[in-house]
Amino acid sequence: MSPLLLHARRVALGLVALLLLAAGAWSSWDTARHIMLAKGREHGTITVAGCGEETCTGPFDPDGTAAPRGRMTIDRSVAVEKGAKLSVVVKPGTGEVVRRGTGGVFQAWVPLGGALLLAAVVIGGGIGLPRVAWGAATVGGVLLAGTFFTL
1 MSPLLLHARR VALGLVALLL LAAGAWSSWD TARHIMLAKG REHGTITVAG
51 CGEETCTGPF DPDGTAAPRG RMTIDRSVAV EKGAKLSVVV KPGTGEVVRR
101 GTGGVFQAWV PLGGALLLAA VVIGGGIGLP RVAWGAATVG GVLLAGTFFT
151 L
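Residues in the sequence shown are numbered from 1 upward in steps of one, following the UniProt record's numbering.
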């Protein structure tokens with residue numbers, strides 16, 4: 001293979017890896033920003049009343065003096081059962097809440113963890129940087145394992 005084609009392949013696969021990481025970070029940040037930058041947002045507790053295929057619903061009891069709300073939704077996860085009380089943050093302007101605390105942070109960054117694992121395959125196999133690939137895979141694995149153990 002000519003050096004020019006080898007270089008072009010590495011650049012193309014580097015762009016694919018960057019695209020994977022950017023998509024994972026963008027997807028994660030949509031939820032993570034409400035948890036990590038929670039100052040000034042409404043906090044409280046949701047009691048899970050029932051779950052559908054993708055979301056769970058229940059009454060929301062806010063911290064402080066705000067009035068309770070009858071029906072808020074939260075993304076369904078394996079760890080959510082009917083009757084569970086979850087500490088949450090309200091997404092501004094919506095009827096949705098996200099889990100707060102360590103478990104919520106890990107859960108929010110799951111898309112980035114998956115993207116890191118996928119990018120590790122591209123980095124190691126396509127670009128030929130095995131140490132960088134192992135690093136990306138390790139960070140992605142830690143994010144996914146952290147989610148498993150904190151929820």
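Yeah, the Cβ is synthetic: ideal placement off N, Cα and C, and Gly gets one too.
Is it right to say residue i is buried, meaning 16 or more other beta carbons lie within 10 angstroms of its own, or is it exposed?
| i | result |
| --- | --- |
| Leu15 | exposed |
| His34 | buried |
| Ala145 | exposed |
| Gly64 | exposed |
| Arg131 | exposed |
| Arg109 | Checking the sequence, you will find Trp at residue 109 rather than Arg. It counts as buried. |
| Val11 | exposed |
Specify the secondary structure class of residue i as computed by DSSP and reduced to three states.
| i | result |
| --- | --- |
| Asp63 | coil |
| Leu19 | helix |
| Ser28 | helix |
| Leu151 | coil |
| Met1 | coil |
| Thr102 | helix |
| Val48 | coil |
| Val97 | strand |
| Gly58 | strand |
| Leu117 | helix |
Give every residue of the same chain whose Cβ lies closer than 6 Å to the Cβ of residue i, excluding the five residues on either side of it in the sequence, and list them in chain order.
| i | result |
| --- | --- |
| Arg71 | Thr57 |
| Asp61 | Gly44, Thr45, Pro68 |
Please list, in chain order, all residues of the same chain as residue i whose beta carbon is under 8 Å from its beta carbon, the five residues on each side excluded.
| i | result |
| --- | --- |
| Leu20 | Ala115, Leu118, Ala119, Val122 |
Alpha carbons only, please: which of the options is nearest the one belonging to residue i?
| i | options | result |
| --- | --- | --- |
| Thr102 | Gly93, Gly95, Val89 | Val89 |
| Pro111 | Leu143, Val80, Pro3 | Leu143 |
| Arg9 | Gly128, Lys82, Trp134, Asp75 | Gly128 |
| Leu86 | Gly93, Pro92, Arg76 | Arg76 |
| Glu81 | Cys51, Ala66, Phe106 | Cys51 |
Can you find a CB in chain D that lies within less than 8 Å of the CB of residue i?
| i | result |
| --- | --- |
| Val139 | Looking at the structure shown, chain D is missing, and only one protein chain is on hand. |
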